[in-house]
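So the sequence shown is numbered by this note's numbering: it starts at 572 and just counts up by one.
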Amino acid sequence: MSADLTTDLVRAGAVPRGLDASPVSVDWMLVRRLHEATATALAEELKRRPALSTVAQQELARTLVQDGVDELVRERMRAGQAVPTPEDEQAIAEAVFAAQFGLGRLQPYLDDPLVENIEAHGHDNVWVGYSDGRDVRVDPIADSDEDLVRQLQHIAARLGRSERTLTTASPLLTMRLPDGSRLAAVIETVPRPQLVIRRHRIRDVDLDDLVELRAIGRPLAEFLRAAVRARKNIVVTGAQGAGKTLMLRALANELPVSENLATIEKHFELLLHELPDRHPRVVPFEAREGSGERGPDGRRLGEVTLTELVEQALVMNVSRVWLGEVRGEEAWPLIEVMEAGEGGSCCTLHARSAHHAFERLANLCMRGRAAVTPEHAYRSCASAIDLVVHITTVDERWIGGERQRFVSQVVECNGIGEGGRPAVTEVFAQGPDGRAVPEHDPVDLADYVRVGFDPGWLRVGQGPWADTVGGRR
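Below, the structure written as structure tokens:
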């Protein structure tokens, strides 16, 4: 099930619309007081029992939090003051627990299935983006900018796969949260602390889901399914937030269960290893930034780069390599893998169009490699890449419309053409509404037919894209 399928259900009234305002109002000064008391008591207990598991710590913390809330009620009763309602007690307890083990005031938004993105420009200028395209300004997520920085430092130290820091010396932070969301924060180099959380709400998605989303048409779904089976090397392009990772997940879910592949990412986002029924033989690699100290070679101690992981994947007995996003020097070893291996590898890339992808990749291949000339880079890219799938984002909210994300173009690479640049065939081009419709047969059509593709899908008329949509297969 895909993210925007949930949005369709929201419009139909089948599921709640989500939080249009901030979470339940609570006394945050009280929450802070109870959190400090709980954290102190928990720290004392850990001194006595340092081997206490995370689950046991959380259970103990819930007991301590409830004890604190109960004592609060007794204090107010003795003073003749109004006591919290059961609902208020629960909200306070959850807020204290979230401050210790979650994301504090941000936690309710991460618990909302319809939230896609959270961004904060300081503690009191906070926006939440929903899957139906709405951007809603919400209440402050901290008492001050300084308090927000303290919260981020707490999150960095406790919630990552390894302890991270956010300090004057290390003012940039990118990390994966326990639910798979990606958090990025900046301090010091900006006037106010900046925070962005991008959520990966839907992880189990396939090409049929993308058809229902109107992200692709049925002919394109069948073509891409055949491309995966035919072991074509595919690059998925588009702007940030276009849905490139979602497309990569959908393509991966067309692989046979027996396929052994490696996923390589700076931060886990594909999360194929969390779908063991679909991908029992995946080797998930994640880069490591290392500590703040640098060795004699200028590298951070303990750093493991994407380039090193691509090279390591080659000795892990995998038949495909899927790189979450190509950003830098790892482009060259990936192109070498695509060019020399069995095929069937995939990656995503920020690019303005399918054609622009070749220029971007060639430039990345040359980065830091003086021996790689432009001619060499373009020739290698043309030899390695079979298909480029471009996703377009159209935002018409400013005129009362919606934000739409769909595939607008698919090009096949046919080696080097004029001017030493890759020659391409536009297999799917923009239709009347911008969505991709069949345009030309691929030069390698026989490869697709060999794995069961029906060329009739490319004979669909050039009418409205919606007319090409069929039922699930």
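All residues carry an ideal CB built from backbone N, CA and C; glycine is no exception.
All figures in this text were calculated on a predicted structure; none of them were measured in a lab.
**Asked** Alpha carbon to alpha carbon, how far is V995 from T944?
**Response** In the sequence shown, the residue the question calls residue 995 occupies position 424. In the sequence shown, the residue the question calls residue 944 occupies position 373. Roughly 21 Å separates the two Cα atoms.
Subject >> Residue span of the alpha helix (DSSP H) that contains I663, given as start and end >> reply: Locating residue 663 in the sequence shown gives position 92, where the first residue counts as 1. First-last of the alpha helix (DSSP H) with I663: 657–672.
(request) Would you mind reading off the limits of the alpha helix (DSSP H) that contains F929? (result) Along the sequence shown, one-based indexing puts residue 929 at 358. Segment 925–937, the alpha helix (DSSP H) holding F929.
Chain-order list of residues whose beta-carbon lies under 6 Å from that of M909 (same chain, five-residue window excluded)
Position 338 of the sequence shown, counting from 1, holds the residue named residue 909. The answer, listed in chain order, is N804, S916, A955.
(message) Quick check: what's the CA-CA separation for D966 versus Y701?
(response) Within the sequence shown, residue 966 is the residue found at index 395, counting from 1. Within the sequence shown, residue 701 is the residue found at index 130, counting from 1. Each residue's Cα considered, the two are about 14 Å apart.
- Query: Along the chain, where does the beta strand (DSSP E) that runs through R789 open and close?
  - Reply: The residue labelled residue 789 in the question sits at position 218 within the sequence shown. From DSSP, R789 is part of no beta strand (DSSP E) but of the alpha helix (DSSP H) over 789–800.
Report task. Can you tell me which of the three DSSP states T745 falls into? Result -> The residue you call residue 745 lines up with position 174 of the sequence shown. Three-state result, T745: strand.
Original post:
What's the call for I1093, buried or exposed, on a 16-neighbour Cβ count within 10 Å?
Top reply: Given that the chain is displayed from residue 572 to residue 1044, the structure contains no residue 1093 and the question cannot be resolved.
CA-to-CA distance, R859 to R747, given in whole angstroms
Here residue 747 refers to the residue found at position 176 of the sequence shown. Here residue 859 refers to the residue found at position 288 of the sequence shown. Those two C-alpha atoms are separated by around 12 Å.
- Task: List the endpoints of the continuous alpha helix (DSSP H) containing E687.
- Result: As a first step, residue 687 must be located in the sequence shown, where it is residue number 116. Segment 686–692 is the beta strand (DSSP E) holding E687; no alpha helix (DSSP H) there.
| query | Which full runs of the alpha helix (DSSP H) of 4+ residues lie inside the segment 598–626, going along the chain? | reply | 599–619
Identify whether S979 lies in helix, strand or coil by the three-state DSSP scheme. Your numbering for residue 979 matches position 408 in the sequence shown. Three-state result, S979: strand.
If you run the structure through DSSP and keep just helix, strand and coil, what is F1024? Residue mapping note: residue 1024 aligns to position 453 of the sequence shown, counting from 1. It is coil, neither helix nor strand.
Have a look at N888 and F839 and give me their C-alpha separation to the nearest angstrom. The residue given as residue 888 occupies position 317 in the sequence shown. The residue given as residue 839 occupies position 268 in the sequence shown. Going from the Cα of N888 to the Cα of F839 covers about 21 Å.
- Message: Excluding the 5 residues flanking G914 on each side, which residues of the same chain have their C-beta closer than 7 Å to its C-beta?
- Response: Residue 914 sits at position 343 when you count from the first residue of the sequence shown. Excluding sequence neighbours, G914 sits near R802, K803, N804.
Determine contact between the segment 822–833 and the segment 921–938, defined as no fewer than three beta-carbon pairs at a distance below 8 Å.
no
Review point. Is I970 helix, strand or coil by DSSP?
Key: One-based indexing of the sequence shown puts residue 970 at position 399. Reduced to three states, the DSSP call for I970 is helix.
request  = Kindly give me the distance between the Cβ atoms of E857 and V881, rounded to whole angstroms, as I take these residues to be in contact under 8 Å.
outcome  = Counted from its first residue, the sequence shown places residue 857 at position 286. Counted from its first residue, the sequence shown places residue 881 at position 310. Going by Cβ atoms, the distance from E857 to V881 rounds to 13 Å, so no, they are not a contact pair.
Cutoff 6 Å; reference Q695; Cβ partners in own chain excluding five residues on either side: As a position in the sequence shown, residue 695 is number 124, starting the count at 1. Note on residue identity: the sequence assigns Asp, not Gln, to residue 695. Taken in chain order, the residues that qualify are P711.
For R516, the nearest candidate out of D777, G814, P655 (CA to CA)
Past the boundaries of the shown model lies residue 516; the chain is included only from 572 to 1044, so the question cannot be answered.
**Asked** With distances taken between CB atoms, is the gap from D714 to R763 smaller than 8 Å?
**Response** Along the sequence shown, one-based indexing puts residue 714 at 143. Along the sequence shown, one-based indexing puts residue 763 at 192. Not closer than 8 Å, so no.
* Can you round the beta-carbon distance between E989 and P1013 to whole angstroms, since I take them to be within the 8 Å contact cut? -> Here residue 989 is taken as the residue at index 418 of the sequence shown, counted from 1. Here residue 1013 is taken as the residue at index 442 of the sequence shown, counted from 1. No, E989 and P1013 are not in contact; Cβ-Cβ is about 20 Å, not under 8 Å.
Practice task
Look up A902 in the DSSP assignment and give the residues it is bridged to.
Solution key: The residue given as residue 902 occupies position 331 in the sequence shown. In the DSSP output, where bridge partners are listed per residue, A902 has none listed.
- Under the three-state reduction of DSSP, which class applies to V881: helix, strand or coil? The count along the sequence shown starts at 1 and reaches residue 881 at position 310. Helix, per DSSP.
Would G788 be called buried (16 or more neighbouring beta carbons within 10 Å of its own) or exposed? Indexing the sequence shown from 1 puts residue 788 at position 217. Under this definition G788 is a buried residue.
- request: Return the chain-ordered list of same chain residues with a C-beta closer than 6 Å to the C-beta of G675, the five sequence neighbours on each side being excluded.
  value: Stepping through the sequence shown from its first residue, residue 675 is reached at position 104. The residues are A669, Q722.
Helix, strand or coil at D706 [DSSP, three-state]: Numbered from its first residue, the sequence shown carries residue 706 at position 135. Strand, per DSSP.
**Prompt:** R796 and E759: beta carbons closer than 8 Å?
**Reply:** As a working note, residue 796 is residue 225 in the sequence shown. As a working note, residue 759 is residue 188 in the sequence shown. No, Cβ-Cβ distance for R796 and E759 is not below 8 Å.
- prompt: Going by DSSP, which residues form a beta bridge with Q1001?
  reply: Sequence index remark: in the sequence shown, residue 1001 carries index 430 (1-based). DSSP lists A1007 as partners of Q1001.
With 16 other Cβ atoms within 10 Å as the buried cut-off, status of E646: Taking the first residue of the sequence shown as position 1, residue 646 is located at position 75. So E646 ends up on the exposed side.
Please say whether L605 and V667 have beta carbons closer to each other than 8 Å?
One-based indexing of the sequence shown puts residue 667 at position 96. One-based indexing of the sequence shown puts residue 605 at position 34. Closer than 8 Å, so yes.
Original post:
What does DSSP give as the partner residues of A755 in its beta bridges?
Top reply: The residue you call residue 755 lines up with position 184 of the sequence shown. T745, V767.
Q | Within 8 Å, strictly: CB atoms of W698 and R708 | A | On the sequence shown, residue 698 is found 127 positions in, with the first residue counted as 1. On the sequence shown, residue 708 is found 137 positions in, with the first residue counted as 1. In this structure, R708 lies closer than 8 Å to W698 by Cβ.
Helix, strand or coil: how does DSSP classify V782 here?
Position 211 of the sequence shown, counted from the start, is the residue given in the question as residue 782. In this structure, V782 counts as helix in the three-state DSSP scheme.
Member of D703, G693, R729, R735 whose CA lies at the smallest distance from the CA of V720: As a first step, residue 720 must be located in the sequence shown, where it is residue number 149. Looking at the Cα atoms, G693 is the closest of the given residues.
Kindly indicate the opening and closing residues of the beta strand (DSSP E) around P855.
Reading the sequence shown from its first residue, position 284 is the one you call residue 855. Residues 853–857.
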